[in-house]
Each structure stands twice: as structure tokens, then as C-alpha cells.
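S.K.:
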Amino acid sequence: MSKTQDYIVERLGIGEVLAHARNKTVPKHEYSFWYYWGGISLFCFLVQLVSGILLLLYYRPGPEAYDSVRQITYETHFGWLIRSVHNWSASLFLASVFIHMFSVFFMKAYRSPREFGWFTGLGLLGIGMLFGFSGYLLPMDTLAYFATKVGLDIPSSIPIVGPPIANLIRGGLEVGEFTVQRFFTLHAVILPLLFLPLLGLHLWLVQKHGNAVPPGEETKPVAERKSIPFFPNFVAKDLAMWLITLNVIALLAALFPWQLGEMSDPLGSAPVGIHPEWYFMSQFQTLKVFGKLFPGYAGEALGMTLFTVGIALWALIPFYDIRGAASSRAKKATYFGIAVITFTIVMTVWGYLSV
Amino acid sequence: MSKKETAAAAGTTADEFEDEEAREFSRRGFLKIAVGGAGVAYAGAIGYPIYRYLSTPVEKSAELAAVKEVVLPNADKLLKGSALMFKFGVRPSLLIHHADDSWIALSAVCTHMGCTVAFNPATAQIECHCHGGKYDAKTGENISGPPPKPLKKFDITVGQGSVTVRRA
Ligand code: FES
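Chains as they are written, first to last, in our numbering: chain A, 1 to 355; chain B, 1001 to 1168.
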């Protein structure tokens, strides 16, 4: 090592970090593949950060929002690509977070001492969905406009405090330029400020507690369990996954560039076949079906209650499933997970079939 | 060392100590209230301007929404079996001239989750494409799907050269 290298390594304590990384191992077993999805989510987030900053240079919130996105998409060199990458990577981010979440769920990696990994992860997912919801409005085309209109009706259906809160978020009684400006602030300032420290905590917890092994592995004696060094072996594989993800994003963005719809018209009717992004599809379809089965307020109230209770149960699972892998609680938790995943997939597919 | 021990060590009597403790206690209570009160005052002094700052456009929008009457010039020439969208205050609204020459003005805000509804001349129904709600175009009554209530109806006067729409 050269003198300068020594100088820097010593002062920044890089040696300690490397030593730690060398001692760290990652379990190896038939489900090891699922360990990569957290890293893939992280990579997508980094892509969001970079492409988002690039979009920031041309995007103008407020009354010019639509026009600025039109310029980015059709006039700026490669603007369509940057925007398309930002959209596709958002989808892939949420998809990989969902996969990550379900694999954590079925590996029962939320159990002691990793409860906070689960909670922080759900927090990150929640913020991720808010990123999606707020970002969706920014181009101000017809779809964006109605998605926001309907989305903001959810908080305003809360009795008494709901409508003033929704008005405050919306900046008026109707979605308009103030709404875009507010959503932009949320999307580009507030949410990143919340997301980054939470992400830091989440990653720190992974470092601290290491990877959980699935219940099947746990029953094996320690001597029979296999593992690989975190550095360089796991990191190399992680990076390979990142490279694959990058290629997938690039392909999707280039082959299916994101389009810009008609400019939103505050007097226009909602177009036929309107539907939200896929990650809100199951909720959308449930509301629609419940609305048909139970007309009037009952349908919406029932749908909302179902989601609230479901999400609460889902979040609190580390407090319920606390005994061994063979306990009846553990089995019930697994069935619950299967039920949730089946419900979500069925509703999403049904939603797409009926638009 | 606890307070009692300190008091004993300093040679004070138990009575004096009780006194002191009571005083200490009321001082602490006072401090708590003072700090709490100051906290609330600061929260208010910072929160209120921010709240008003944020709600400015909401208030403007509410003022606009408070209109009682809208005059639609030339709307009386609307063809039979067709509809016209207009803004009543800030809300999208619908004026329909039915095939049987009857007129109706309705709010175009779906009572389910607030999408903008559309008049379908082929079925003479009002449809919401967001979750498939349907309304009777003659009365605004909700007839199928999720909407819980009829569309809000306005009073109208069809005059020479204009239609006047009034809050019912
Ligand atoms: S918003 Fe009209 S049916 Fe749901």
C-alpha cells in the first residue's frame, strides 16, 4: 500500500470496517436466493435518487407542471429515458420491496431480535408507496389527476378531521396547481428526509443482527449449516444482482417508454378504464367489488376496515408469532401470509381483467 | 446519598426537612406548569402561522366554492340529448338537455370517491368510470354501483340566451 493509502485508511478506520466485513458471513441454504431482494430494493432506490435529481433540473411544479414534463419527455435529449427509468425503477423498487417483505415473512425473519427490522421495513414500504402516490400526480395528465382525486378521498372519508386534513394536503377543495406544488415538496423533500434515516436504521439493524435463517435451517445443528463470507463473496453476488437489475430497468425503460397522457382538464370526466398503478390495484379492485356487493357507504367502510385491520395484523405479527417454528401460532402466521399473498394476487389480476 | 440522609448529615431536623421537601415539591410543580405552558405557547405561536400559511389556498378555494348562482351564456342552445360541463364555484357540474326537452343541472362529483361523472346519451344515464357507479340522468338518483347518495341537484332557469343555475 502506498503512503497516501495508509494515511487515509488509518485515519478513516477503513481497516476496521474491512475486518468487520471479512468476519461477517451470510447463511447459505436452498432459500438463499431471497436474501438478494433487500439489496435489489436498495439499488432501485439509488436509481430513483439519481434519476430523480436529473428530473429535478427540468421539472417545474405548479401551473407549468404538465408542460415541463412534456418538454422533458419530448424535447430534452434523452429526457424520455430518464423519466422512463424513474417510472420503471419505481415499479421495480416496490416490486422488490414486496418480494423482500414476503420472503422475510415466510422465513419468519421478523422474530426476536429482528422485530425492528420488520417495523422499519414496513415504514420504508409505507414511505415508498407515498413516494409512488405523490410522484404520480406530478405530470398532471388525466390519469394522474383522477388518481389523486380518488386517493385524497380516502383521508377525507375519516369523520370530522378528515376533510380539513385532505383540504390541507390538496391545497384547496379541488386538485390543482397548489396540489402539485405540495406533492412535489412531499415527493422531493419531505419523503426523502424521512426515508434516508429510516433506511440507515434498517441497514444498521441488518448489520447488527445478521441474516435470519428459515425455520427449516434453524433446526439443523450449527455445525451442519453452511455460510459464505459477506466480503467479497456475498458482495460480489449482490453486485451481480444489481447489474442484472440495471439491465432490466434499462430494457424496460427503453422498450416501453413511459407515456404522457392528455393534460388534465378540471372539467373533464374520468376516462373509461381508469385504474391506478399495479401496487394500488388490489386495494382499488377490493373497493370496487365491495362497492358492487354492498352499495352505498357500507362498501367503502367495509373495504377500509378490512385494509386497516389487515395492515395492523400484518405489522404486529412479530408480537404474535413468538414461539418455536412448530408452534400453532407459527403455522397460523404462515397461513395468514399465504392468505394475504393470494388475496393480493387474485385482486390484482381480477382488477386488470376487469378494466 | 438520599435527601433524608443529606438532611441528617447536615444536622437539620426532620421538620425542617419536610418543609423543604414541600417547598421543593411546589417549586417543581410550578416549574413543570411553567415549562409546559411555555411549550404550548411556543407550539401555538409557531403552529398557528404555519397552519394559516398552509391553508391560504384552501380558504380562497372555499370562497370560490361559496357562489350561489352561475349564469351560463348561450347554454339554452344546448342540443336535445346532450350535456355540458361547467364549473359551479370550484366543482365540476353537468347541465343536461334531455331528449324530451326537460333540463337538469347536477353536480358532476361522484358521491362515492369524488371522480368526475359523465353523461352517456346512449343510455340516458350518468356514469362514473372510476368504480362503475351509475345515476339516473333525469333525477340524479344513484341506481347502481358504489355511490351512496344521489348527485346534488341545482335549481335552473332556462332563459333567452342563457341558463341560470342556482344552489338548491
Ligand atoms: S368515484 Fe364514482 S364510482 Fe367511485
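Positions of the beta carbon are idealized from the N, C-alpha and C atoms, including for glycine.
Among the residues of its own chain, which have a CB less than 6 Å from the CB of Y66/A, if the five just before and after it don't count?
M.R.: Locating residue 66/A in the first sequence gives position 66, counting from the first residue. If we look at Y66/A and ignore the five residues flanking it on each side, its Cβ neighbours are M140, M263.
S.K.: Report, in whole angstroms, the separation of the C-beta atoms of P257/A and S84/A, which I expect to be a contact under 8 Å.
M.R.: In the first sequence, residue 257/A corresponds to position 257, counting from 1. In the first sequence, residue 84/A corresponds to position 84, counting from 1. Confirmed, about 4 Å.
S.K.: Can you look up E1069/B in the DSSP assignment and give me helix, strand or coil?
M.R.: By one-based count along the second sequence, residue 1069/B stands at place 69. Three-state DSSP puts E1069/B in a strand.
S.K.: Mind checking the stretch 1110 to 1132 of chain B against chain A and listing, in chain order, the residues whose C-beta falls within less than 9 Å of any C-beta there?
M.R.: Answer set for the stretch 1110 to 1132 of chain B: C1110, H1112, M1113, G1114, C1115, T1116, V1117, A1118, F1119, E1127, C1128, H1129, C1130, H1131, G1132.
S.K.: Let me confirm a value: K1080/B is counted as buried when at least 16 other C-beta atoms fall within 10 Å, else exposed. Which label applies?
M.R.: Within the second sequence, residue 1080/B is the residue found at index 80, counting from 1. Burial call: exposed.
S.K.: Just how far apart, CA to CA, sit I72/A and I249/A?
M.R.: Counting from one through the first sequence, the residue named residue 72/A turns up at place 72. Counting from one through the first sequence, the residue named residue 249/A turns up at place 249. Going by the C-alpha atoms only, they are around 19 Å apart.
S.K.: Tell me whether the beta-carbon of A1122/B lies closer than 8 Å to the beta-carbon of H1129/B.
M.R.: Here residue 1122/B refers to the residue found at position 122 of the second sequence. Here residue 1129/B refers to the residue found at position 129 of the second sequence. Going by C-beta atoms, A1122/B is not nearer than 8 Å to H1129/B.
S.K.: Could you tell me the boundaries of the alpha helix (DSSP H) in which F1086/B lies?
M.R.: As a working note, residue 1086/B is residue 86 in the second sequence. F1086/B -> not in any alpha helix (DSSP H); beta strand (DSSP E) instead, spanning 1082 to 1088.
S.K.: Can you find a CB in chain B that lies within less than 8 Å of the CB of D141/A?
M.R.: On the first sequence, residue 141/A is found 141 positions in, with the first residue counted as 1. So no, D141/A is outside the interface.
S.K.: Would you check whether ligand 3 has a heavy atom nearer than 7 Å to the C-beta of H1112/B?
M.R.: Questions concerning ligand 3 fall outside what the structure shown contains, since the ligands it does hold are ligand 1.
S.K.: Which residues of chain A have a Cβ atom closer than 8 Å to the Cβ of G1145/B, listed in chain order?
M.R.: On the second sequence, residue 1145/B is found 145 positions in, with the first residue counted as 1. Per Cβ cutoff of 8 Å: G291, K292, P295.
S.K.: By the DSSP assignment, the alpha helix (DSSP H) with Q5/A in it spans what residues?
M.R.: Residue mapping note: residue 5/A aligns to position 5 of the first sequence, counting from 1. Its alpha helix (DSSP H) spans residues 3 to 12.
S.K.: What did DSSP end up calling I1096/B once you bin it into helix, strand or coil?
M.R.: Numbered from 1 along the second sequence, position 96 holds the residue referred to as residue 1096/B. I1096/B falls in the strand class under three-state DSSP.
S.K.: Excluding the five sequence neighbours on either side, which residues of its own chain have a C-beta within less than 6 Å of the C-beta of G135/A, listed in chain order?
M.R.: The residue given as residue 135/A occupies position 135 in the first sequence. So the qualifying residues of the chain are H187.
S.K.: Any beta carbon from chain A within less than 8 Å of P1049/B's own beta carbon?
M.R.: Position 49 of the second sequence holds residue 1049/B. No, because no Cβ of chain A sits closer than 8 Å to the Cβ of P1049/B.
S.K.: What's the C-alpha gap between V213/A and F106/A?
M.R.: Numbered from 1 along the first sequence, position 213 holds the residue referred to as residue 213/A. Numbered from 1 along the first sequence, position 106 holds the residue referred to as residue 106/A. Using only the alpha carbons, I get a separation of about 11 Å.
S.K.: Evaluate W80/A with the Cβ neighbour count: other Cβ atoms within 10 Å of its Cβ, from every protein chain shown; 16 or more gives buried, anything less gives exposed.
M.R.: The count along the first sequence starts at 1 and reaches residue 80/A at position 80. It is buried - the Cβ of W80/A has at least 16 other Cβ atoms within 10 Å.
S.K.: In terms of alpha-carbon separation, which member of D6/A, A21/A, Q5/A, G13/A lies closest to K208/A?
M.R.: Here the question's residue 208/A lines up with position 208 in the first sequence. Among D6/A, A21/A, Q5/A, G13/A, the Cα nearest to that of K208/A is on A21/A.
S.K.: Which of the three DSSP states is assigned to G1133/B in this structure?
M.R.: Locating residue 1133/B in the second sequence gives position 133, where the first residue counts as 1. Three-state DSSP puts G1133/B in a strand.
S.K.: Who are N1120/B's beta bridge partners in DSSP?
M.R.: On the second sequence, residue 1120/B is found 120 positions in, with the first residue counted as 1. Bridge partners of N1120/B: Q1125/B.
S.K.: From K237/A to V272/A, what does the alpha carbon distance come to, in whole angstroms?
M.R.: Sequence index remark: in the first sequence, residue 237/A carries index 237 (1-based). Sequence index remark: in the first sequence, residue 272/A carries index 272 (1-based). Cα to Cα, the separation comes out at about 45 Å.
S.K.: Restricting to Cα atoms, I'd like to know which of A315/A, H77/A, A144/A is closest to E115/A.
M.R.: Position 115 of the first sequence, counted from the start, is the residue given in the question as residue 115/A. Of A315/A, H77/A, A144/A, the residue nearest in Cα terms is A315/A.
S.K.: The alpha helix (DSSP H) with D1155/B in it runs from where to where?
M.R.: Indexing the second sequence from 1 puts residue 1155/B at position 155. D1155/B -> not in any alpha helix (DSSP H); beta strand (DSSP E) instead, spanning 1153 to 1158.
S.K.: Please list, in chain order, the residues of the stretch 294 to 314 of chain A that have any C-beta partner in chain B closer than 9 Å.
M.R.: Residues passing the 9 Å Cβ filter: F294, P295, G296, Y297, A298, G299, E300.
S.K.: Work out the CA separation of L198/A and A326/A for me, nearest whole Å.
M.R.: In the first sequence, residue 326/A corresponds to position 326, counting from 1. In the first sequence, residue 198/A corresponds to position 198, counting from 1. Cα-Cα distance, rounded: 33 Å.
S.K.: Can you pull the chain B neighbours of K149/A, defined as C-beta to C-beta under 7 Å?
M.R.: If you number the first sequence from 1, residue 149/A lands on position 149. Under the 7 Å cutoff, chain B gives G1114, C1115.
S.K.: If you draw a straight line from the alpha carbon of D1100/B to that of A1065/B, how long is it in whole angstroms?
M.R.: To locate residue 1100/B, count along the second sequence from 1; it is residue 100. To locate residue 1065/B, count along the second sequence from 1; it is residue 65. Those two C-alpha atoms are separated by around 32 Å.
S.K.: So, is the C-beta of K1152/B closer than 8 Å to a C-beta in chain A?
M.R.: Along the second sequence, read from residue 1 onward, the residue named residue 1152/B stands at position 152. Output row for K1152/B: interface = no.
S.K.: If we define contact as Cβ-Cβ less than 8 Å, is K1003/B a contact residue for chain A?
M.R.: Within the second sequence, the letter at position 3 stands for residue 1003/B. Reliability fails at K1003/B, whose pLDDT of 48 lies under 50, so the model's placement of it is uncertain and the value that follows must be treated cautiously. Judged by the 8 Å Cβ criterion, K1003/B is not in contact with chain A.
S.K.: Do G1140/B and L1151/B have their C-beta atoms within less than 8 Å of each other?
M.R.: Indexing the second sequence from 1 puts residue 1140/B at position 140. Indexing the second sequence from 1 puts residue 1151/B at position 151. Against a cut-off of 8 Å, the Cβ pair of L1151/B and G1140/B comes out as a contact.
S.K.: Beta-carbon of S1107/B versus every beta-carbon of chain A: anything under 8 Å?
M.R.: The count along the second sequence starts at 1 and reaches residue 1107/B at position 107. Output row for S1107/B: interface = no.
S.K.: Under the criterion of a Cβ to heavy atom distance below 7 Å, does P155/A qualify as lining ligand 1?
M.R.: By 1-based counting over the first sequence, the position of residue 155/A is 155. Outside the cutoff, so no.
S.K.: I need the boundaries of the alpha helix (DSSP H) containing A248/A, first residue and last residue.
M.R.: Translated into positions along the first sequence, residue 248/A becomes position 248. Note that residue 248/A is Val in the sequence shown here, rather than Ala. Where V248/A is concerned, the enclosing alpha helix (DSSP H) stretches over 235 to 255.
S.K.: Does the beta-carbon of V150/A, which I'm using as the reference point, lie nearer than 7 Å to any heavy atom of ligand 1?
M.R.: By one-based count along the first sequence, residue 150/A stands at place 150. Flag set: Cβ of V150/A near ligand 1.
S.K.: List, in order along the chain, the chain A residues whose C-beta lies closer than 7 Å to that of P1057/B?
M.R.: Here residue 1057/B refers to the residue found at position 57 when the second sequence is read from its first residue. Correct list: G171, G172, F178.
S.K.: Could you have a look at M107/A and say whether DSSP puts it in helix, strand or coil?
M.R.: For this step, residue 107/A is matched to residue 107 along the first sequence. The answer is coil: DSSP assigns M107/A none of H, G, I, E or B.
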